[in-house]
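In what follows, a structure is listed as structure tokens, so that the remarks can point back to it.
Protein chains in written order, with my numbering: chain A, 792 to 895; chain B, 3 to 364.
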């Protein structure tokens, strides 16, 4: 009945799994909230608040491959563990049911 | 109007479009004296409410009731929500949601749908609903899925359907929904009146937890199983609405604005109405929303408790119903001086043979 408010930070964790072509699921909406000045993913009965790096990643989940996404991000972000961080973040969104792999 | 710095903007609006409903569930969350609230806001006023909600920061609108499908202007309100950038979620019994209607709603911009079931099988479902509706719910879900609309299943749990929990979960699997909410009855309104017939025993609850745990291990996260536990059997109260006047507001069919859908239980609250004031003015400045906002209003043992910003003192409606004082610590908390009221209610209900009293228009 309620709207769950959740926050997602892109943080470091190692994982074996990978996602090759991340796209948002059809019922998830990525939006900018001009009142709170934040990006969000809205889905049935929930809102996921994204920090800046999370929003940079999700805005690129548009059908391109994860490798292309990371390459593009490297122009914007300097982070030694960028590849691992992005993969971890993407997998967390998969776990939440908000992202799918378009190649599957 | 300038908002006070400490008050956050609401994320979620519960738009109770009507209290009319063909079902008669004995745990309905609508008020007891339904006849008092028979007048409903018109389409234009609802459109204004949606616009004011979006401007206030609301992200998601739950179109609910009663049965919202009895409103013939639902398509218009869905379209308005979409235009305002609100994510619209329809809460329905499934009755009246045939394919043509759902198609119109989806075309208007509906984002997702929640369908209630009362039990896992036709006989028990239709008995609890007070209406032959089991087949219609199936039809609704299959029509929604054909339209690619995400479906959440909601099943309210209590003493007489808890034994079917395994079958209820299987129903969600068979229906291939994304999520099922297994929500134990919250004892306000009609459910409070039927408490003796609805309260499960501790043992029933422990068994239910095992069933859910085993199903999660077996099924993974499809469907996602959200198990909302009955607070009468918990050590601490529920963080009601994530705090009074923090993230959520409800507008009732007659335009009353409530910090929680059952706040009509508390007679001391002089509820503001969208017919008299803007949603913005009500959210930030009305005495009703200020009444239990933050922690200053709290009595002991809440005031000095480490958990005061975790559970926010629990449910105000429950505090009132059990103690007569809406500002008391929620008696389900084991630290409440009135906790024995809950223990007593559980003990008495297990001896009771009270029949279920179904929702009626009184």
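Positions of the beta carbon are idealized from the N, C-alpha and C atoms, including for glycine. Please read all numbers here as calculations on a predicted model, not as lab measurements.
By the criterion of a C-beta distance shorter than 7 Å, residue 856 (chain A) is surrounded in its chain by 811, 812, once the five residues flanking it on both sides are discounted. Between residue 257 (chain B) and residue 275 (chain B), the C-beta spacing is below 7 Å. Separation of the CB atoms of residue 45 (chain B) and residue 75 (chain B) is rounded to 4 Å, and the pair is thereby assigned contact status at 8 Å. Residue 51 (chain B) sits away from residue 334 (chain B), with the two beta carbons spaced by 7 Å or more. Setting aside the 5 residues that flank it on each side, residue 233 (chain B) is surrounded in the same chain by 239, 240, 334, each with a C-beta closer than 7 Å to its C-beta; the list follows chain order. In the DSSP assignment, the residues bridged to residue 65 (chain B) are B:17, B:92. In this structure the segment 884-892 of chain A does not lie against the segment 9-16 of chain B, because fewer than three pairs of beta carbons, one per stretch, are closer than 8 Å. Residue-level contact by beta carbon holds for residue 838 (chain A) and chain B, with a gap shorter than 7 Å. For residue 181 (chain B), the uninterrupted beta strand (DSSP E) segment begins and ends at 181-186. Residues are counted here when their Cβ sits less than 7 Å from a Cβ of chain A; for the segment 184-195 of chain B the count is zero. Going by C-alpha positions, residue 58 (chain B) is about 21 Å away from residue 111 (chain B). Straight-line spacing of the CA atoms in residue 292 (chain B) and residue 190 (chain B) works out to 22 Å. Residue pairing by DSSP places residue 832 (chain A) opposite A:821, A:839 in a beta bridge. Under the DSSP definition of a beta bridge, residue 156 (chain B) partners with B:118, B:183.
Between the beta-carbon of residue 821 (chain A) and that of residue 838 (chain A) there is about 11 Å, and that puts the pair past the 8 Å contact cut. Against chain A, a Cβ distance below 7 Å from residue 70 (chain B) picks out nothing, because the smallest value is about 13 Å. Counting only residues of its own chain and dropping the five nearest sequence neighbours on each side, residue 158 (chain B) has a CB closer than 8 Å to the CB of 27, 29, 118, 120, 185, 186, 187. Judged by beta-carbon spacing, residue 108 (chain B) lies beyond the 7 Å limit of residue 173 (chain B), meaning their Cβ atoms are not closer than that value. Beta-bridge analysis with DSSP links residue 363 (chain B) to no other residue.
Taken residue by residue, none of the segment 840-867 of chain A has a beta-carbon sitting less than 9 Å from a beta-carbon on chain B. In this structure, A:829 is the residue among A:853, A:835, A:834, A:829 with its C-alpha nearest to the C-alpha of residue 842 (chain A). With 16 or more other Cβ atoms inside 10 Å of its own Cβ, residue 113 (chain B) counts as buried.
In terms of Cα proximity to residue 357 (chain B), the closest of B:198, B:127, B:295, B:21 is B:198. Straight-line spacing of the CA atoms in residue 290 (chain B) and residue 296 (chain B) works out to 13 Å. Looking at the DSSP output, residue 815 (chain A) sits in a beta bridge with A:890.
Looking at the DSSP output, residue 251 (chain B) shares a beta bridge with B:15.
Looking at the DSSP output, residue 260 (chain B) sits in a beta bridge with B:252.
Here residue 315 (chain B) is buried. Its C-beta has 16 or more other C-beta atoms within 10 Å. Spanning the alpha carbons of residue 129 (chain B) and residue 17 (chain B) requires a straight line of approximately 28 Å.
The C-beta of residue 154 (chain B) has 16 or more other C-beta atoms within 10 Å across all chains shown, which makes the residue buried.
Per DSSP, residue 140 (chain B) is one residue of the alpha helix (DSSP H) stretching across 136-148. For residue 226 (chain B), the secondary structure class from DSSP, reduced to helix, strand or coil, is strand.
When the alpha-carbon of residue 814 (chain A) is set against those of A:825, A:832, A:823, A:797, the nearest one is in A:832. Burial is judged here by how many other beta carbons sit within 10 angstroms of a residue's own beta carbon; residue 66 (chain B) has at least 16 and is buried. Legend: CB atoms of the segment 192-223 of chain B lying less than 7 Å from CB atoms of chain A belong to residues 223. Put simply, the segment 267-281 of chain B touches the segment 319-328 of chain B. At least three CB pairs are less than 8 Å apart.
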